[in-house]
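Engineer: After the structure tokens below, expect a handful of questions from me.
Next up, the structure:
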């Protein structure tokens with residue numbers, strides 16, 4: 007029996023990889039394995055619409071196109087281990103699935119607090135639909151919500167909770183929220199706008215302890231200050247889901263190391279011909295923006311990687327001469343992201359954290375504005391509030407000058 | 050001929066579709082999305098990419 011292509015991960019990246027394989031002419035077996043019970047859905051609404059409105063899976067599900075009707079979906083079934091030499095994966099339920107090629111799209115999981123005492127109820131993370139639905143029932147007017155972590159998920163969740171009438175405090179390690187992804191100017195601007203809506207920020211702080219045995223009642227900061235708390239949202243970063251690969255000759259230090267054509271790499275840097283990684287879990291070279299390999303947790307990346315892998319794998323399987331072209335062309339995305347917090351609508355292109363100089367290009371501080379992010383003479387990113395056309399106009403200018 | 054529909058209740062005018070299918074989608078002077086409700090079949094691939102990259106998943110089409 008001819009082995010199928012197996013995709014581990016049934017979120018956006020896994021779905022788009024399956025689509026791209028069919029689009030490229032691959033008609034053989036396709037198995038998509040996911041740890042969540044849900045068919046692929048869109049995650050950005052989880053910190054916004056899914057918390058604020060009574061929407062369910064159908065509202066965020068991706069449409070499954072007819073070309074995927076013969077795909078075998080193995081959902082609610084985490085993969086426990088893989089044997090890359092034998093070309094098989096084993097689910098937590100013990101099912102062994104052999105593959106001809108493997109596409110890994112297992113993404114991230116939220117980093118969770120590990121404190122000596124954790125109450126049974128009232129602490130949340132936001133990564134999955136089930137996470138968001140569990141949280142929203144507690145976001146009621148007057149609820150005392152503490153958000154630990156001042157990145158995008160934390161700030162978006164804070165805005166949503168405040169709009170729902172909660173009393174919201176954000177605790178962050180740095181001097182201002184969103185400092186690393188946006189730089190000081192925009193980060194300070196967004197903090198001021200959040201504060202104008204009543205969100206409180208306690209910066210340069212860590213959480214030392216949680217009070218409450220059954221349900222959370224408060225959080226204690228390392229300064230000794232106690233904040234009363236009914237709901238704690240942990241937004242302190244993520245960990246790549248790579249543990250199932252332990253025991254194989256594969257570089258999984260900070261995500262799965264892949265080459266310019268997204269082949270997973272062995273410890274010695276040599277590629278696996280039939281193993282690919284895409285999306286949040288992949289650490290890839292992005293020489294237009296930085297010299298090192300890195301993961302990029304932006305929404306457009308899984309789709310672009312899935313398209314590339316689908317082209318390569320389908321051409322391989324169908325012996326299409328276009329394969330040589332696909333292999334000769336390195337993966338070279340322009341990362342993009344957006345964020346909505348109250349009336350603030352951010353749009354960005356590039357890798358902003360590479361900049362050593364940030365300049366106001368259009369508009370004014372506190373109003374609609376566009377900032378350029380520069381590294382030497384190169385604009386490595388552009389980001390702004392409002393002014394979409396202006397921001398988009400800079401998109402094709404971002405990247406290191408060769 | 051492709052028939053294109055954007056759910057304007059969902060659309061947040063991010064303009065990501067504009068890069069994928071610039072003959073079909075555009076942002077106007079007020080940064081609001083405008084689009085042609087029909088497009089030539091030759092735009093199929095571009096429109097499919099526009100659908101994929103829409104953050105709000107607001108675009109649909111029929112042949």
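Chains as they are written, first to last, in our numbering: chain A, 7 to 408; chain B, 50 to 112. Cβ coordinates follow ideal geometry from the N, Cα and C atoms, glycine included.
Alpha carbon to alpha carbon, how far is residue 371 of chain A from residue 181 of chain A? Give it in angstroms, no decimals.
Structural biologist: Taking the straight line joining both Cα atoms gives about 19 Å.
Engineer: Let me know the secondary structure DSSP gives residue 365 of chain A once reduced to three states.
Structural biologist: In this structure, residue 365 of chain A counts as strand in the three-state DSSP scheme.
Engineer: Whole angstroms are fine: how far does the CA of residue 214 of chain A sit from the CA of residue 101 of chain B?
Structural biologist: Approximately 42 Å, taken between the alpha carbons.
Engineer: Might you give, ordered along the chain, the residues of its own chain that have their beta carbon closer than 7 Å to the beta carbon of residue 294 of chain A, omitting 5 neighbours on each side?
Structural biologist: Answer for residue 294 of chain A: 338, 405 and 406, listed in chain order.
Engineer: Is the beta carbon of residue 196 of chain A less than 8 Å from the beta carbon of residue 360 of chain A?
Structural biologist: Not closer than 8 Å, so no.
Engineer: Under 8 Å between C-beta atoms, does residue 68 of chain A make it to chain B?
Structural biologist: With 8 Å as the cut-off, residue 68 of chain A counts as an interface residue toward chain B.
Engineer: Assuming residue 319 of chain A and residue 288 of chain A make a contact with CB atoms under 8 Å, what is their CB distance in whole Å?
Structural biologist: Residue 319 of chain A to residue 288 of chain A, Cβ: 15 Å. No contact.
Engineer: When the Cα of residue 218 of chain A is compared with those of A:24, A:69, A:124 and A:386, which residue comes out closest?
Structural biologist: Checked all of A:24, A:69, A:124 and A:386; the closest Cα to residue 218 of chain A is A:124.
Engineer: Can at least three beta-carbon pairs, one atom from the segment 42-61 of chain A and one from the segment 79-89 of chain A, be found at a separation below 8 Å?
Structural biologist: Segments in contact, yes.
Engineer: Measuring alpha carbon to alpha carbon, tell me which of A:18, A:183 and A:161 ends up nearest residue 53 of chain A.
Structural biologist: The shortest Cα separation from residue 53 of chain A among A:18, A:183 and A:161 belongs to A:161.
Engineer: May I ask you to report which of helix, strand or coil DSSP gives residue 250 of chain A?
Structural biologist: DSSP places residue 250 of chain A in helix when its eight states are reduced to three.
Engineer: Given that residue 309 of chain A touches chain B, what residues does it touch there, using C-beta distances under 8 Å?
Structural biologist: Here the neighbours are 101 and 102.
Engineer: Quick check on this structure: which residue in A:282, A:384, A:150 and A:356 has the alpha carbon closest to the alpha carbon of residue 261 of chain A?
Structural biologist: Closest by alpha carbon: A:282.
Engineer: If the criterion is Cβ atoms closer than 8 Å, does the pair residue 341 of chain A and residue 302 of chain A meet it?
Structural biologist: Yes; because the gap between Cβ atoms is below 8 Å, this pair is in contact.
Engineer: Report the three-state DSSP secondary structure of residue 3 of chain A (helix, strand or coil).
Structural biologist: The structure shown does not extend to residue 3 of chain A, since chain A is modelled only from 7 through 408, so no value can be given for it.
Engineer: Let's test the definition: count the other Cβ atoms within 10 Å of the Cβ of residue 190 of chain A and tell me whether it reaches 16, buried, or not, exposed.
Structural biologist: It counts as exposed.
Engineer: Please state the DSSP three-state secondary structure of residue 235 of chain A.
Structural biologist: Three-state result, residue 235 of chain A: coil.
Engineer: What would DSSP say about residue 319 of chain A, mapped onto helix, strand or coil?
Structural biologist: Reduced to three states, the DSSP call for residue 319 of chain A is helix.
Engineer: Whether or not the segment 149-164 of chain A and the segment 232-247 of chain A are in contact is what I'm after, with contact meaning three or more pairs of Cβ atoms, one per stretch, closer than 8 Å; do they touch?
Structural biologist: Contact holds: three or more Cβ-Cβ distances are below 8 Å.
Engineer: Am I right that residue 355 of chain A and residue 192 of chain A are in contact with their C-beta atoms under 8 Å? What's the rounded C-beta distance?
Structural biologist: Not really, about 14 Å apart at Cβ, beyond 8 Å.
Engineer: Beta-carbon of residue 353 of chain A versus every beta-carbon of chain B: anything under 8 Å?
Structural biologist: So, interface residue.
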